[in-house]
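Remarks on the structure that follows.
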Amino acid sequence: MQAKIVADLSLVELVTGIPEIPRVFWRMIPTDFDWWVEGFGEDLIETVLMGFGATLLGLLFAIPTGFLAARNVAPARWIYGTARLFILGVRAMPELILAVIFVAALGLGPKPGVLALAVGLYGFATKLFADAIEEVSEGPRDGIRATGASRTQEAVSAVLPQAMPSIVGNSLYLLDASIRGSTVLGIVGGGGIGFALLQGAKLLKWDLLGGLLIIIFVIVYGIELISGWVRRRII
Amino acid sequence: MTILHARSAPEAPPTPPEPTFRPDTPPWTRERATMWAIGLTFVGVALYALYDIGVNPLTLFFERDDIGNLLERMWPPRIEEFGPIWESTLDTFFMAFVGTFIGVLLAVPLGFFAASNIVRWRLLRGVARGIIVFTRAIPELIFALIFVRVYSIGVLTGVLALGLHSVGMLGKLFADSIEQIQEGPREGVQATGSSRGQELTTGIAPQLIPSFIAITLYRLDINFRSATLLGLVGAGGIGLQIRAYQGQLRYQELLGVTLLIIALVVIVELVSTTVRGIILGHDKTNVSFWQKLRGGPKAADYRAEHVDTAAVAAATPMSQRRLRPPWDKERKTKYGVGVG
Amino acid sequence: MSINGTAPTLHDHRTVIEVSGLTKTFDNGRVTALDRVSLSVASGQLTVVIGLSGSGKSTLLRHLNGMHEPTSGSVVVLGRDVAALSQKELRELRRDVGFVFQSFNIVGRLSCLENVMSGALGRLRWPRYGVLSYPKAIRREALEQLDRVGLGERAFQRTDTLSGGQQQRVAIARTLMQKPRLVLADEPVASLDPEISGQVMDVLFRSCVEDDITVVCSLHQVDLAMGWANRLVGLRDGAVVLDTEVDASLDEARVMEVYQRLDPTGEKADEYEVAKPAAKPRVESAVGI
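Residue numbers (the numbering used here), protein chains in the order written: chain A, 4 to 238; chain B, -16 to 323; chain C, 272 to 560.
Structure follows, in structure tokens:
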């Protein structure tokens, strides 16, 4: 089996293919700007919206779970253990498979796509948040506890403010990843631009593919710039 | 001694200000306003999105009938023929390995070119950063779509797609890591009159090894998950099979393969976390795995025999001194894993 | 509980703290932090606890608000047996007992005002986040407390941008916000410069006297409390070796005795004396194996 794989990856094939690549990229440069924007503008917007929606949904559930999965904040040891294990399981499921499952259950369209993205994001975000919460220093918590605050009050007033820079930074990164993820979900039937991309590739409409990719790039880059700015201020 | 009477009478208290109108909420700076604007915009767009698409936090609950229906059709999971399926899965994992390797190969120099403390020439840095952002923005699936046209269906496509996309994240993290090194060791090497290359290998590289390894393992982890899906568009591996099952509505086989993938991903994750811990030399306390499971090392475990090693070393005659570090368990493991 | 907590009336003459036979050991009995400590504090008293590092001052104070549990003996604060309280009851007790820490324990990223307002959390129902989520009355009150400690203009500044002394004053304001009957201060100025220490101790004591709050404060430097304290308690190796009113007849020598260390050879080395040259080397040379 090893030999078969190595043969597949023959260097010769790789090298002979290389000149092809620039040609493909060249063909991807769009010449005619109007028609595909009209046709796929809607899809593009849907893709972006999917990313935003999934992020909000995932974050909503990830923050409380993050607290439960943090060793220093969880109400009991077994809660912490179970939460961490559960998150591990959720994260093990690749998003596309989740999308396939949701599409099979709910039909085509952006709805299963958003759900799949949200679940995937939920798993990842919870881990990031829990890690951030575990790094919080104990001193301020002692201080708040000494005023007679309840456990929830302590979590909101002493733990959350300390973990805030991490949480916000991670959330912005997750938004970015979400939008990128939503671009491909269409391939299996979730909504968005994915389907168009697939068709473009299948029908060898390189300029279509190229144009869409450029727009995706611009959107993602824009989000990254904003999130970079925000992250710097938050610290 | 007069310490008890050393201080004079306590000073007069600071007089509280006259009761004029005082704000009890923070002032609105431009920065604060912008932050709020951005935050509200994000939330607003997200809420609109959810409304438009028709999803809300309770959707999973409302759709439980449909989902339950599907789960019924998926149970019990079935694996058609274990042999080819297993082979495809191994293909997938192999693809992830090689892809990450290629990614690292390309990303390391790229990261250096993009680091502001290594390269002065702005244009070069900009181009490097541009490449990094570009490869990061394009999902690997899209790369795969493109490469399938060039190299046709097969593992090679997947490897290249993964490799190129990984360059994005690896390059970014590498560059950030490089920019955060301490200047001290680097200046120290420079002061000895070394060449640029020597400065790199002795002054800069040693600081970066732990984080580069951690970053690589992290990406490898992610790539394992991604690799499974590349097959969906024609790169090798298990993805093809998944696509087939979806088309044929063979849900039981789908669940079977999914569970297999999940199990493997979990195992890989556990292995990689352990490996990361070993290579980075965490956990110097000799606490066994079982002790940790029971609830962490106790204070007594941290006591170690205190031997004045420096004095012992100074006292041993030079001919008998070790010139290389001893092959203890940690070092052996590190090398073994690296070579593997 | 109403927002306007009422301060206790003057000259209550009630016993605020009653500690009897308190013993605390750590590490399965290997380390004795407190040895049969008995102490009684009346309402309105300003008590200072002195002693060397490791004499048990911190441990004693932390028993008084339930942060430690006694190995044996009893601790009764404000009429309640601390060791027997449930979580909920302990929280209620802590609303009436303020604690000032050596390391300030304020939340650095929050503004001074937010830190002070968090002192009122015990009185409010829901967890709060951010300046706008506290009721207006609380915000006004917190501003007044900040004024009292001299930090009114810095209400919206991030707390970790202030100096150590200022941060501790914010912590004191937070404690005052609780409207406690008792304030415990554990080495409140040990991390601060000598000149600032005096100011901070003044702020602490003056505010407590104004509000008629009982104070138990542990200190390294006795002179900081002079001029305020009316009672002195000395600990050595976990036991009470001094318990006296502070007035003109106070014998300095007795106070200094608290700091003396008795070593096995019987020679007394006074902490405040210049160290004599060591008679023999302290560490055997390791060379010569």
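The beta-carbon is built from N, C-alpha and C at its ideal position, and this holds for glycine as well.
Less than 6 Å between C-beta atoms, sequence neighbours within five positions excluded: which residues of the same chain meet that for residue i?
| i | result |
| --- | --- |
| C:Met272 | Because C:Met272 sits at a pLDDT of 36, beneath the cut-off of 50, its placement in the model cannot be relied upon, and the following sentence gives the value as read from the coordinates. Within the same chain, C:Met272 has close Cβ partners Arg394. |
| C:Val319 | Cys488, Leu490, Ala496, Ala500 and Leu503 |
| C:Leu463 | Gly435 and Gly436 |
| C:Leu513 | Gly505 and Val529 |
| C:Gly401 | none |
| C:Leu335 | Val348 and Leu455 |
Report the rounded CA-to-CA distance for residue i versus residue j, giving the unit in angstroms.
| i | j | result |
| --- | --- | --- |
| B:Val81 | B:Val87 | 10 Å |
| C:Val387 | C:Met448 | 7 Å |
| B:Phe117 | B:Leu93 | 13 Å |
| A:Leu62 | A:Ala95 | 18 Å |
| A:Thr150 | C:Arg419 | 19 Å |
| C:Ala461 | C:Gln373 | 6 Å |
| B:Arg13 | C:Lys407 | 24 Å |
| B:Leu200 | B:Val91 | 14 Å |
| B:Gln173 | B:Asn100 | 14 Å |
| B:Leu327 | B:Leu54 | Summary: the structure shown does not reach residue 327 of chain B, with chain B confined to residues -16 through 323, and so no result is reported for it. |
| C:Ser389 | B:Gly176 | 57 Å |
| C:Thr432 | A:Pro164 | 16 Å |
| A:Gly231 | B:Arg56 | 45 Å |
| A:Asp245 | B:Leu33 | Since the first and last residues shown for chain A are 4 and 238, residue 245 of chain A lies out of range. |
| A:Val103 | B:Thr72 | 18 Å |
| C:Lys359 | B:Ile187 | 55 Å |
| B:Ala97 | A:Ile217 | 22 Å |
| C:Val302 | C:Pro398 | 39 Å |
| B:Val240 | A:Gly197 | 24 Å |
| B:Gly180 | B:Ser149 | 26 Å |
| B:Ser178 | B:Phe207 | 40 Å |
| B:Gly214 | B:Ile221 | 6 Å |
| C:Thr563 | C:Ile484 | Nothing about residue 563 of chain C can be read from this structure; chain C reaches only from 272 to 560. |
Kindly list the residues whose CB is nearer than 8 Å to the CB of residue i, restricted to its own chain and excluding five residues on each side of it in sequence; keep chain order.
| i | result |
| --- | --- |
| A:Ala204 | Leu212 |
| C:Val308 | Val290, Gly292, Leu293, Thr294, Gly327, Leu331, Gly344, Leu506, Gly509, Ala510 and Val511 |
| C:Ser311 | Thr286, Ile288, Glu289 and Val290 |
| A:Arg87 | Ala72 and Ala133 |
Residue i: which of the options sits nearest, CA to CA?
| i | options | result |
| --- | --- | --- |
| A:Gly123 | A:Ser185, A:Val233 and A:Ile217 | A:Ser185 |
| A:Leu178 | A:Leu201, A:Asp46, A:Leu52 and A:Asp210 | A:Leu52 |
| C:Arg440 | C:Cys383, C:Gly322, C:Asn299 and C:Ala354 | C:Cys383 |
| A:Ile90 | A:Leu131, A:Ile226, A:Gly54 and A:Leu59 | A:Leu131 |
| C:Asn299 | C:Leu323, C:Gly315, C:Gly325 and C:Thr342 | C:Thr342 |
| A:Pro168 | C:Leu361, C:Ala304, C:His334 and C:Gly379 | C:Gly379 |
| B:Ile225 | A:Ala65, A:Leu101, A:Gly194 and A:Leu60 | A:Leu101 |
| C:Arg425 | C:Glu466, C:Thr446 and C:Leu381 | C:Leu381 |
| A:Leu215 | A:Ile147, A:Phe55 and A:Gly195 | A:Gly195 |
| C:Val371 | A:Glu45, A:Gly84, A:Gly146 and A:Tyr125 | A:Gly146 |
| A:Asp210 | B:Ser135, B:Ile205, B:Ile115 and B:Ile129 | B:Ile129 |
| C:Ser314 | C:Arg399, C:Val302, C:Arg366 and C:Cys479 | C:Cys479 |
| A:Val187 | A:Leu60, A:Trp81 and A:Thr50 | A:Thr50 |
| A:Ile237 | A:Ile170, A:Ala108, A:Arg148 and A:Phe105 | A:Ile170 |
| B:Leu203 | B:Glu252, B:Glu162 and B:Glu182 | B:Glu252 |
| C:Arg333 | C:Glu458, C:Ile409, C:Ser520 and C:Ser357 | C:Glu458 |
| A:Tyr224 | B:Asp74, B:Ala120 and B:Leu153 | B:Ala120 |
Within its chain, find whatever has a CB closer than 7 Å to the CB of residue i; leave out the 5 residues flanking it on each side and keep chain order.
| i | result |
| --- | --- |
| A:Glu98 | Ala119, Leu120, Gly123 and Gly184 |
| B:Phe157 | Ala90, Val91, Gly94, Phe195 and Ile198 |
| A:Val76 | Phe70, Ile136, Ala158 and Val162 |
| C:Ala413 | Leu384, Val387, Met388 and Met448 |
DSSP beta-bridge partners for residue i?
| i | result |
| --- | --- |
| C:Lys295 | C:Leu305 |
| C:Gly369 | C:Val454 |
| A:Val187 | Bridge partners of A:Val187: none, in fact. |
| C:Ala510 | C:Arg507 |
| C:Ser489 | C:Val320 and C:Asp457 |
| C:Thr515 | C:Leu503 |
| C:Leu310 | C:Val290 |
| C:Ser343 | C:Thr294 |
| C:Arg429 | C:Ser382 |
Is residue i near the ligand NAD - that is, is its Cβ less than 8 Å away from at least one heavy atom of it?
| i | result |
| --- | --- |
| B:Gln181 | The ligand NAD is not among the ligands present in this structure, which contains no ligands whatsoever. |
Inset, instruction - For the stretch 346 to 398 of chain C, list the beta strand (DSSP E) runs that are entirely contained and at least 3 residues long, ordered along the chain. - result: Runs found: 368 to 371.
Inset, instruction - Mind listing, in chain order, the continuous alpha helix (DSSP H) runs of no fewer than 4 residues lying wholly within the stretch 24 to 49 of chain B? - result: Fully enclosed alpha helix (DSSP H) runs of 4 or longer: 42 to 45.
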